[in-house]
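Worksheet: one structure, shown below.
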Amino acid sequence: MSVTAVVGLQWGDEAKGKIVDLLCQSANIVARFNGGDNAGHTVVNQYGKFKVRLTPNGFSSPGTACVIGPGVVVNPATLIEEVNSIQKYGINLEGRLWVSPRCHVVMPYHPIMESIFEQAKGKARTGTTKRGIGPVFADKVSYNGIRFFDLADDSLFAEKLRIQLAIKNPIFEAFGMAPLEFETVYQEKLEQYALLSQHVREAFGFVQDTLESGGHVLLEGAQGALLDNTWGSYPFCTASTPLSGGASAGLGLAPGQIQRVIGVAKAYTTRVGGGPMPTELFDQTGETLQREGQEFGTVTGRPRRCGWFDAELVRFTSQLNGVTELALTKLDVLDTLPKIKICTGYHIPETGERLQRYWEIDAHNLGRVKPVYIELDGWQTSTRAARDFANLPPQAQAYVNKVEELTGVAVKFISVGPEREATIRIQ
Ligand code: GDP
Ligand code: IMO
Ligand code: MG
Numbered sequence: 454m455s456v457t458a459v460v461g462l463q464w465g466d467e468a469k470g471k472i473v474d475l476l477c478q479s480a481n482i483v484a485r486f487n488g489g490d491n492a493g494h495t496v497v498n499q500y501g502k503f504k505v506r507l508t509p510n511g512f513s514s515p516g517t518a519c520v521i522g523p524g525v526v527v528n529p530a531t532l533i534e535e536v537n538s539i540q541k542y543g544i545n546l547e548g549r550l551w552v553s554p555r556c557h558v559v560m561p562y563h564p565i566m567e568s569i570f571e572q573a574k575g576k577a578r579t580g581t582t583k584r585g586i587g588p589v590f591a592d593k594v595s596y597n598g599i600r601f602f603d604l605a606d607d608s609l610f611a612e613k614l615r616i617q618l619a620i621k622n623p624i625f626e627a628f629g630m631a632p633l634e635f636e637t638v639y640q641e642k643l644e645q646y647a648l649l650s651q652h653v654r655e656a657f658g659f660v661q662d663t664l665e666s667g668g669h670v671l672l673e674g675a676q677g678a679l680l681d682n683t684w685g686s687y688p689f690c691t692a693s694t695p696l697s698g699g700a701s702a703g704l705g706l707a708p709g710q711i712q713r714v715i716g717v718a719k720a721y722t723t724r725v726g727g728g729p730m731p732t733e734l735f736d737q738t739g740e741t742l743q744r745e746g747q748e749f750g751t752v753t754g755r756p757r758r759c760g761w762f763d764a765e766l767v768r769f770t771s772q773l774n775g776v777t778e779l780a781l782t783k784l785d786v787l788d789t790l791p792k793i794k795i796c797t798g799y800h801i802p803e804t805g806e807r808l809q810r811y812w813e814i815d816a817h818n819l820g821r822v823k824p825v826y827i828e829l830d831g832w833q834t835s836t837r838a839a840r841d842f843a844n845l846p847p848q849a850q851a852y853v854n855k856v857e858e859l860t861g862v863a864v865k866f867i868s869v870g871p872e873r874e875a876t877i878r879i880q
């Protein structure tokens, strides 16, 4: 019995998709357990380049099943489009893709609700991916959600939809927006459900049976620990839990069934959307990271904010996730830099007070701290062709060793390019 979780340790986009794609051939099941189509996971493998939002990254391994667990919220239109585009590559998902009927459905009113919240907050907005993720999870926890179970029953769905439109439409009208037509939404969702219904079945028994018979399950986290709804930089966070612990409820596993947790962290830090980011750079080095790392959001195309690696954050998120090993990605993006900094803690500029721990403060105060750095020599040579730790320049080896020392976790994967094979594995 073995379960490996692959989770993001920063603010998302750590290259979780690449690491999952790398490992998926040895997995019987790859499963998503959180988030929705706010995720954008890019993989480059033998079939080409894919940017997936909902389909678990086991699709390119023919013997692997792909499970969307009940903790995921699903926009049916996104999933239909994604399944079609994957199948165009000759990859068959029939009988291999399972979507839990417990998944909450992103309805057309959710992105509209979100736009009202974001507009009202102005500069203080979260800077979401505009997929309706906050509102669909809000409906879930306030018992107002619509699930695939409901779409399977026309009259039950009609009854629930009528109630939700009776609540939401007056809000839209109060904000000068057009109300949603019952018939349009009703028909659209039923048509989408008809296209997806062959995939909608609960995988709980399948997952448990697979584990009992010695199979391997790979969990694909979406977002990153610093976007967690509880431990992230609230309210600049997401609505679900991207932590390994979230996979227990989000897929249907006992906590003790997850033995291996691969924490994915970029060799620097990025963030897309609002909220504090202590190591953010506004200078030429920040521009270099953005250019070399092609740091533009997969879902929204927004430029990602870039800065130095924050070891204080990654040490905390490693603890929080029970990380057993690190995957340090995009090391090649640092190739041209003469000097490289790592943040080891913070201080408050007004008082000079040293503040070591992220978890002692809230997002507001995290926005006021200044990082304390150590500086290392850069290597100023390409690492893209390295496939062994020994092939890396000594300065790059020293950088990786420092990351291990400061985070307290062993680095077992080093990624030096977007391609599956551009990876160093350390035994
Ligand atoms: P995810 O959301 O965590 O799966 O990450 P994204 O796919 O959103 O963002 C990671 C981006 O970096 C993608 O465009 C990848 O193709 C790319 N990438 C992954 N690993 C590497 C690497 O080691 N080096 C470089 N230069 N790019 C990488
Ligand atoms: P992957 O899985 C990076 C961010 C948004 C915003 C905040 C809330 O590709 O790593 P939401 O739409 O979830 O309500 O937005 O969370 N965000 C991500 N940032 N990668 C992601 O996913 C993200 N998913 C959400 O930018 O700041
Ligand atoms: Mg992404």
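Numbering (our numbering), first residue to last: 454 to 880. All C-beta atoms in this analysis are idealised placements derived from N, C-alpha and C, irrespective of residue type, glycine included.
Helix, strand or coil, according to DSSP, for residue i in the structure here?
{"i": "Pro564", "result": "helix"}
{"i": "Val525", "result": "coil"}
{"i": "Lys576", "result": "helix"}
{"i": "Lys719", "result": "strand"}
{"i": "Arg667", "result": "Here the sequence assigns Gly to residue 667, which means Arg is not the residue at that position. Note: Gly667 maps to coil in three-state DSSP."}
{"i": "Val725", "result": "coil"}
{"i": "Lys469", "result": "helix"}
{"i": "Val536", "result": "helix"}
{"i": "Ala692", "result": "coil"}
{"i": "Ala780", "result": "strand"}
{"i": "Ser455", "result": "strand"}
{"i": "Val558", "result": "strand"}
{"i": "Thr508", "result": "coil"}
{"i": "Leu706", "result": "coil"}
{"i": "Gly489", "result": "coil"}
Can you tell me whether residue i is buried or exposed, with buried defined as 16 or more other CB within 10 angstroms of its CB?
{"i": "Leu618", "result": "buried"}
{"i": "Asp841", "result": "exposed"}
{"i": "Ala484", "result": "buried"}
{"i": "His494", "result": "buried"}
{"i": "Ile542", "result": "Contrary to the premise, residue 542 reads as Tyr rather than Ile in this sequence. When all chains shown are included, Tyr542 counts as exposed."}
{"i": "Leu609", "result": "exposed"}
{"i": "Gly465", "result": "buried"}
{"i": "Phe628", "result": "exposed"}
{"i": "Pro695", "result": "buried"}
{"i": "Met630", "result": "exposed"}
Assuming the contact rule is C-beta atoms closer than 8 Å, residue i and residue j should be a hit. Round their C-beta distance to whole Å, please.
{"i": "Val660", "j": "Val473", "result": "About 16 Å separates the two Cβ atoms, so there is no contact after all."}
{"i": "Gly522", "j": "Cys477", "result": "Actually they are not in contact, since the Cβ atoms of Gly522 and Cys477 sit about 16 Å apart, beyond 8 Å."}
{"i": "Ser868", "j": "Ala780", "result": "7 Å"}
{"i": "Leu766", "j": "Tyr811", "result": "6 Å"}
{"i": "Asn528", "j": "Arg584", "result": "7 Å"}
{"i": "Gln676", "j": "Ala492", "result": "7 Å"}
{"i": "Thr637", "j": "Val752", "result": "About 25 Å; that fails the 8 Å criterion."}
{"i": "Leu672", "j": "Val456", "result": "7 Å"}
What are the partner residues of residue i, as DSSP defines its beta bridges?
{"i": "Cys519", "result": "Val483 and Leu550"}
{"i": "Phe570", "result": "Per DSSP, none; premise fails for Phe570."}
{"i": "Lys792", "result": "Asp830"}
{"i": "Val460", "result": "Gly716"}
{"i": "Gly798", "result": "Val825"}
{"i": "Asn498", "result": "Gly501"}
{"i": "Leu672", "result": "Ala458 and Ala484"}
Residue ranges of each alpha helix (DSSP H) within the region 801 to 878, 4 or longer: Within the region 801 to 878, the runs of alpha helix (DSSP H) that reach at least 4 residues and sit entirely inside it are, in chain order, 816 to 819 and 847 to 860.
Whole runs of the alpha helix (DSSP H) within the region 731 to 774, excluding any shorter than 4 residues: With a minimum length of 4 residues, the continuous alpha helix (DSSP H) runs that stay inside the region 731 to 774 are 737 to 745 and 764 to 774.
Uninterrupted beta strand (DSSP E) stretches inside the region 578 to 665 (no shorter than 3 residues): Fully enclosed beta strand (DSSP E) runs of 3 or longer: not present.
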